[in-house]
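Chains as they are written, first to last, in the working numbering: chain A, 344 to 441; chain B, 5 to 136.
Built from N, CA and C at the ideal position, the CB exists for glycine as well.
These numbers were taken from a predicted model, which means no experiment stands behind them.
Each remark here refers to the structure printed beneath this line.
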């Protein structure tokens, strides 16, 4: 069994307590293999998530559940260099990445 | 992310979020992390170097707050578990971390441990900002 981060679901519960996710456009910075991206999408958010690690992004894309494919999009990019659309998102989430 | 990049990245992300939107920063606080095998405590991961990185990052965030781009709304701290199937997997993972160090005593106890699973506990701070 691989490493399991946050088996008790503390992170999603905390994020839900702090912000509304349903119907929100979420930008995730440093998404890794998509652990929180999928969680936010399951809550009803539309997620654009990126990470500089191309292998992690490939894993995230491969692991995206069919029911979330329209809600979450991954890109390999560095936070220093990525060009983001202005005023497009309701929430930006730095996932252990700042 | 390098410390010097933080201000630039935060400005860029601020521009991508609509005015009144939210920016949520979740990251470990750099507190020594307890490690346990089953119910038994084995010691702590030394996070003293990582704490220095976090302090530098916090200074960069404060610069963006001072610029008036974002304002802090709420801060909460939670403990998040990382669970490994066995001690060798934990040791392998700990070796990959930057700025975090497993002391020799902890490594020895891990090698000798038979209990499962192995868990480390991160203290995570969630800072919610409002984009202005």
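Answer with buried or exposed for residue i, where buried requires no fewer than 16 other C-beta atoms within 10 angstroms of its C-beta.
i             : result
residue 109/B : exposed
residue 52/B  : exposed
residue 92/B  : exposed
residue 124/B : buried
residue 390/A : buried
residue 29/B  : buried
residue 60/B  : exposed
residue 379/A : buried
residue 344/A : In this predicted model, residue 344/A has a pLDDT of only 49, less than 50, meaning its place in the structure is not dependable enough to derive any value.
residue 352/A : exposed
residue 18/B  : buried
residue 118/B : exposed
Against residue i, what residues of chain B qualify as contacts under a CB-to-CB distance less than 7 Å, listed in chain order?
i             : result
residue 347/A : 87
residue 357/A : 80, 82 and 130
residue 423/A : 9, 12 and 13
residue 350/A : 85 and 87
Are the C-beta atoms of residue i and some chain A residue less than 7 Å apart?
i            : result
residue 49/B : no
residue 74/B : no
residue 37/B : no
residue 56/B : no
residue 92/B : no
residue 68/B : no
residue 22/B : yes
residue 17/B : yes
If we define contact as Cβ-Cβ less than 7 Å, is residue i a contact residue for chain B?
i             : result
residue 344/A : Caution is warranted here: a pLDDT of 49 is assigned to residue 344/A, below 50, making its placement in the model unreliable, and no coordinate value can be reported.
residue 375/A : no
residue 371/A : no
residue 427/A : yes
residue 366/A : no
residue 411/A : no
residue 403/A : no
residue 431/A : yes
residue 388/A : no
Which residues in chain A sit within 8 Å of residue i, going by Cβ to Cβ distance?
i            : result
residue 11/B : Per Cβ cutoff of 8 Å: no residues; residue 11/B is ~11 Å from chain A at best.
residue 97/B : 346
Can you tell me which residues form a DSSP beta bridge with residue i?
i             : result
residue 362/A : DSSP, once it has assigned bridges, lists no residue as partnering residue 362/A.
residue 127/B : 83/B
residue 31/B  : 129/B
residue 26/B  : 434/A and 134/B
residue 347/A : 87/B
residue 38/B  : 48/B
Run through chain B and tell me which residues come within less than 8 Å of residue i, C-beta to C-beta.
i             : result
residue 396/A : Under the 8 Å cutoff, chain B gives no residues; its nearest Cβ is about 12 Å from residue 396/A.
residue 438/A : 30
Find the residues of chain B that neighbour residue i, judging by a C-beta separation of less than 9 Å, and give them in chain order.
i             : result
residue 353/A : 82, 83, 84, 85 and 128
residue 362/A : 26, 28 and 132
residue 419/A : Per Cβ cutoff of 9 Å: no residues; residue 419/A is ~15 Å from chain B at best.
residue 392/A : Neighbours of residue 392/A on chain B: none; closest Cβ ~13 Å, over 9 Å.
Would you list, in sequence order, the uninterrupted alpha helix (DSSP H) runs of no fewer than 4 residues that lie entirely inside the segment 65-111 of chain B? 91-100
Runs of beta strand (DSSP E) wholly within the segment 369-427 of chain A (minimum 3 residues, chain order): DSSP runs (the beta strand (DSSP E)) wholly in the segment 369-427 of chain A: 389-394 and 415-419.
Scan the segment 40-69 of chain B and note each continuous beta strand (DSSP E) run of 3 residues or more that stays entirely inside, going in chain order. 44-49
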